[in-house]
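A quick write-up on the structure given underneath.
Right, dumping it as structure tokens:
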């Protein structure tokens, strides 16, 4: 069935290599033989964690996001270190940001956040069987942990405090799961 | 309740200004008085459209994404032109990519795709009351329209053909809506 949709790279130019992102401009050959340019952001990828407590509350972290110039509430998340296993990263980020250690982990989905211009992929986990650990934030990380009921989460969406793709996904996942998941205990 | 989480910009440097993205590096003052650097991608924003046909199929477009070097299936979507109204953009992109004209439009949500490094926001609409229009792709746009049942969409997620945030959101929205929405007719 499939049309040929592929674009072949003719030339690559690295514009920037930073701590978090790399930017490359590519000349590509389109399926019709024409050339075009693609601006591509390379990102190491990230993990995000859905935690529902035994009181049926979702764990969120409030964080200032310079790209948006505002504070939003997100599920715990973090960037992958080079070569890091996503599950190990998820365990580390959850404990560092929230002081929660989870003993049961289920991979839910991975998704690309912005396939039109970036290769960032987010691996989402559901974490259960919760214990207390130790909050240990990175030196330049300032976050505030909150816990919200489903109704509070829906209100935060309406108020655009929950305002990013992975956290909207998490709330929808919660709305869909309807007691399918055993509750944790923290 | 809230801690001070804000980061103040001390200095900005524009690294790149392209057709799609701009890259800026900012020196910021953290809440504890330390300085740090933030790499920020500015993007014009985008729209995405959920269309369910009267046969209860979701409209997707297959498209090669150079940032991922693969073809994925996404809900119809497109970048905002400078100053363009998101709803007008959604109507335009839907007809251009799929040949569908919709007469009833509901704004569902907006979400940031990658708040850690980019200001891209996606405005998602539900389009109903469907008629045939005219496919009219941009010169450098190569897409293939497909229609999938809910079961087929779930299989595409499993196979990572549906593999981006907005389309996963759309499938979850569909799973949650359970006949709440009148069906369209195309």
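Chains as they are written, first to last, in the working numbering: chain A, 1 to 186; chain B, 1001 to 1186.
Heads up, the beta-carbon is just placed ideally off N, CA and C, and yes, glycines get one too.
Per-residue DSSP class, three states only, for residue i
i, result
"residue 1134/B", "coil"
"residue 1157/B", "helix"
"residue 171/A", "helix"
"residue 1108/B", "strand"
"residue 1178/B", "coil"
"residue 1054/B", "coil"
"residue 166/A", "helix"
Element boundaries [alpha helix (DSSP H), containing residue i]
i, result
"residue 1098/B", "1086–1098"
"residue 46/A", "First-last for residue 46/A: 46–51, but that is the beta strand (DSSP E), not the alpha helix (DSSP H)."
Straight-line Cα distance separating residue j from residue i
i, j, result
"residue 1058/B", "residue 1031/B", "46 Å"
"residue 66/A", "residue 60/A", "18 Å"
"residue 50/A", "residue 127/A", "6 Å"
"residue 63/A", "residue 1131/B", "44 Å"
"residue 185/A", "residue 52/A", "Confidence is the limiting factor: at residue 185/A the pLDDT is only 49, short of 50, which leaves the residue's position unreliable, though a coordinate-based value still follows. Approximately 9 Å, taken between the alpha carbons."
"residue 1016/B", "residue 3/A", "34 Å"
"residue 89/A", "residue 79/A", "8 Å"
"residue 139/A", "residue 1007/B", "14 Å"
"residue 165/A", "residue 133/A", "27 Å"
"residue 24/A", "residue 42/A", "8 Å"
"residue 1022/B", "residue 1122/B", "17 Å"
"residue 129/A", "residue 1056/B", "38 Å"
"residue 1075/B", "residue 1034/B", "43 Å"
"residue 146/A", "residue 99/A", "12 Å"
"residue 1085/B", "residue 117/A", "22 Å"
"residue 1177/B", "residue 158/A", "18 Å"
"residue 28/A", "residue 1137/B", "18 Å"
"residue 1070/B", "residue 1096/B", "22 Å"
"residue 171/A", "residue 1148/B", "24 Å"
"residue 1115/B", "residue 111/A", "15 Å"
"residue 143/A", "residue 1009/B", "18 Å"
"residue 173/A", "residue 1109/B", "16 Å"
"residue 37/A", "residue 26/A", "6 Å"
"residue 93/A", "residue 1054/B", "44 Å"
"residue 1141/B", "residue 1163/B", "19 Å"
"residue 1169/B", "residue 1125/B", "12 Å"
"residue 1012/B", "residue 1119/B", "16 Å"
"residue 1073/B", "residue 1161/B", "6 Å"
"residue 48/A", "residue 77/A", "4 Å"
"residue 135/A", "residue 87/A", "18 Å"
"residue 1068/B", "residue 1091/B", "27 Å"
"residue 14/A", "residue 175/A", "43 Å"
"residue 1081/B", "residue 45/A", "28 Å"
"residue 167/A", "residue 1167/B", "15 Å"
"residue 83/A", "residue 19/A", "15 Å"
"residue 1040/B", "residue 40/A", "14 Å"
"residue 1113/B", "residue 113/A", "5 Å"
Residue i, enclosing beta strand (DSSP E) - first and last residue
i, result
"residue 58/A", "58–65"
"residue 1077/B", "1077–1079"
"residue 70/A", "70–74"
"residue 147/A", "143–148"
> Mind pulling the beta strand (DSSP E) runs of 3 or more residues that sit fully within the stretch 1–48 of chain A?
Replying inline: 8–17, 22–29, 35–42
> So does the stretch 1104–1122 of chain B actually touch the stretch 1137–1154 of chain B, counting three or more Cβ pairs closer than 8 Å?
Replying inline: no
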